[in-house]
Amino acid sequence: MVRTRFAPSPTGNMHIGNLRTALFEYLIAKNSNGTFVLRIEDTDQNRYVESAMDIIFDTLRITGLNYDEGPGVGGNYGPYIQSERKDHYMPYAKELIEKGKAYYCFCSKDMPEGQQKYNRHCANLNQNEIDSKLATSEPFVIRQLIPEGKTTFCDEVFGSITIDHEEIEDQILIKSDGMPTYNFANVIDDHTMAITHVVRGSEYLTSTPKYNLLYESFGWDVPVYVHLPLMLNEQGEKLSKRRGDASFQELLDQGHLPEAVINYIAFLGWSSPDNREYFTLAELVEAFAIKNISKSPSLFDSKKLAWMNGEHIKRLPEDVFYDMALPVLQSAVHTPGINLKDVSKMVQSRILFVKDIPELVDFIDKLPNYDVDLFINKKMKTDAAIALQSLESIIPIFNDISIENWNNRTLYEVAIECGKSLSLKNSQMLWPIRTALSGKPSSPCGASELCALLGKEETLKRMDIGINKLKAL
RNA sequence: GGCCCGUUGGUCAAACGGCUAAGACACGGCCCUUUCACGGCUGAGAUAAGGGUUCGAUUCCCUUACGGGUCACCA
């Protein structure tokens, strides 16, 4: 049974690097019908940010990375907030002291001048010295005694890695405030919560031997390690909260759909063998495999994310998209009688973001003061004379169409027929109409649809304006 | 600086040691089309450098360069 955990610390925003870690942990668990656990690692009370906890909960909820065990859900191994189980860790630390794998250290927090590394001074204290210091309540920490030698471990992504213990300091397990350090709490919790796959960023690669030494000291099995490649910002720098690199919330504010963000970041450091790129979360669960995770760091590309967002918008059911777009449509279109549902359908396949809608539909409320040159289009083989001919011929025909018959299909048919009688190509007939109605080089739909959308009166009015512009030429 | 990891087009990336090194985004062109977009086709663009092993190296080994990570009573 695979069990993974997402173990964020509540210190601020969740940037997309954190999110990707959560995603991969979720995918690894769910791909084999395993369990995904949320554990809040808040052992550093100085860095604690109150709102951060909610950000974590909200992000997981919005993205659909639902955890099976964790705060509010329960399970057999809880609680899942480390500060609430503070007393849980000390007995393990004492066990290590008894085994000679750790020791009390009474050195002050500040290193003596000129000393870069801890010199293991307190490892050599005799029992009487230790007892008397403890008896007088001298502040202490508990340090792990790193033995001589080397540790080799196997990572699922990076392969076999060997680190000499000379590179590792006697790290602190229990801080002077009684709290465990991350390094210690992490190992204890991962073991007691029966985590099988430890998934985390590759910045932990070099400290992994410390964890293994702890597992070995307790006689516990080491978990499977899956270290993820780094994610860098668009400048190739490490993602950081301080620099304001894309946080999930920011991407949402910019108009990205949660599912598009998830889809995009799944492809940062992972790829699907079948070349497919559009994935729902459920499809990712199905397709994900650890062996397809890559080692090299990847840059965040907002252009591709934008494209991905468009892909997800296109595939949204019409009514879902309509509900989403409605507030924007309402604020962008005020003309009475306009069917916003129609407008919604027109724009759905043409935008990357919902916020792109207003500039697409601004011509509805008010015809732009466009340049008459817009009528002249080489590709459409249309010049001013043809444009004038098209508009002047169609006006009386449109005029005869009753309001009941004023629909796209009818309008299109009569326009084409009119064009034929004038020996005009479809594009020559329709381009001037489209231009006169939108006053823009591009519009979310073609000529007849525009006419149907704007209504008879407005259509005739705008064509008149076009004619006047052309005559003034 | 020590140690660890990485390096395939601008970006994401694929390729048991074996065709002419996939595909996607972005960019250019063409087609389709009732404009633009969508869609289809297509173009340009890459194995960091040097050595070795091999019949054959993007792939394995070494060196160099560059990039990153890590060396906390932070996680």
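First residue of the first sequence: 13, per the numbering used here; consecutive thereafter.
Just so you know, even glycine gets a beta-carbon here, dropped at the ideal spot from N, CA and C.
{"Query": "Touching or not, the stretch 389-406 and the stretch 354-361, by the rule of three or more beta carbon pairs under 8 Å?", "Result": "no"}
{"Query": "When the distance is taken between beta carbons, is L341 closer than 9 Å to V373?", "Result": "yes"}
{"Query": "Locate the beta strand (DSSP E) running through S439, then write down its first and last residues.", "Result": "From DSSP, S439 is part of no beta strand (DSSP E) but of the alpha helix (DSSP H) over 438-450."}
{"Query": "I want to know whether the stretch 183-196 touches the stretch 104-121 - three or more CB-CB distances under 8 Å.", "Result": "yes"}
{"Query": "Keeping to the same chain, check which residues put their C-beta closer than 8 Å to that of I477; ignore five residues upstream and five downstream.", "Result": "L379, A448"}
{"Query": "Out of E107, A34, W443, M320, state which residue places its alpha-carbon closest to the alpha-carbon of N78.", "Result": "A34"}
{"Query": "Name the one or two DSSP bridge partners that H209 has.", "Result": "V236"}
{"Query": "Shortest alpha-carbon distance to F375 belongs to which of R15, V345, G349?", "Result": "V345"}
{"Query": "Check T55 in the structure and name its three-state DSSP category.", "Result": "coil"}
{"Query": "Could you pull out every residue in the same chain whose Cβ sits closer than 8 Å to the Cβ of E246, ignoring the five residues on either side in sequence?", "Result": "L311, F312, D313, S314"}
{"Query": "Determine the direct distance from the alpha carbon of N195 to that of V211, and round the result to whole angstroms.", "Result": "14 Å"}
{"Query": "By DSSP's criteria, F165 is part of a beta bridge. Which residues make up the other side?", "Result": "I173"}
{"Query": "Are the beta-carbon atoms of L157 and A135 separated by less than 9 Å?", "Result": "yes"}
{"Query": "Which class does N351 belong to by DSSP, given the choice of helix, strand or coil?", "Result": "coil"}
{"Query": "Going straight from the alpha carbon of R97 to that of T220, what length do you get?", "Result": "24 Å"}
{"Query": "In whole angstroms, what is the alpha-carbon distance linking L436 and A427?", "Result": "11 Å"}
{"Query": "Whose C-beta lies closer than 6 Å to the C-beta of E461 among residues of the same chain, with five residues either side of it excluded?", "Result": "N420"}
{"Query": "To which residues does DSSP link F48 through a beta bridge?", "Result": "T16"}
{"Query": "Pull up the CB-CB distance for H324 and N275, whole angstroms please, since I reckon it's below 8 Å.", "Result": "7 Å"}
{"Query": "Assign A197 to one of two classes, buried (16 or more other C-beta atoms within 10 Å of its C-beta) or exposed (fewer than that).", "Result": "buried"}
{"Query": "Quick check on this structure: which residue in F230, D66, D143 has the alpha carbon closest to the alpha carbon of K113?", "Result": "F230"}
{"Query": "Nearest by alpha-carbon distance to G322: which of A272, T218, I154, L31 is it?", "Result": "A272"}
{"Query": "Do three or more CB pairs link the stretch 47-63 to the stretch 274-294 at distances below 8 Å?", "Result": "no"}
{"Query": "Buried or exposed: where does C463 fall if 16 or more other Cβ atoms within 10 Å of its Cβ makes it buried?", "Result": "buried"}
{"Query": "Since C117 is in the beta strand (DSSP E), which residue starts that stretch and which ends it?", "Result": "114-117"}
{"Query": "The beta strand (DSSP E) with Q156 in it runs from where to where?", "Result": "153-156"}
{"Query": "Note down, in chain order, each residue of its chain lying with its Cβ closer than 7 Å to the Cβ of K307, except the 5 sequence neighbours on either side.", "Result": "V169, F170, P241"}
{"Query": "Who are the near neighbours of P370 in its chain, counting only those whose CB is closer than 6 Å to its CB and skipping five residues on each side?", "Result": "A344"}
{"Query": "Check whether the stretch 412-419 touches the stretch 438-457, counting contact only when three or more Cβ pairs, one atom from each stretch, lie closer than 8 Å.", "Result": "no"}
{"Query": "Using CA coordinates, which residue listed in R32, A484, M475 is at the minimum distance from G213?", "Result": "R32"}
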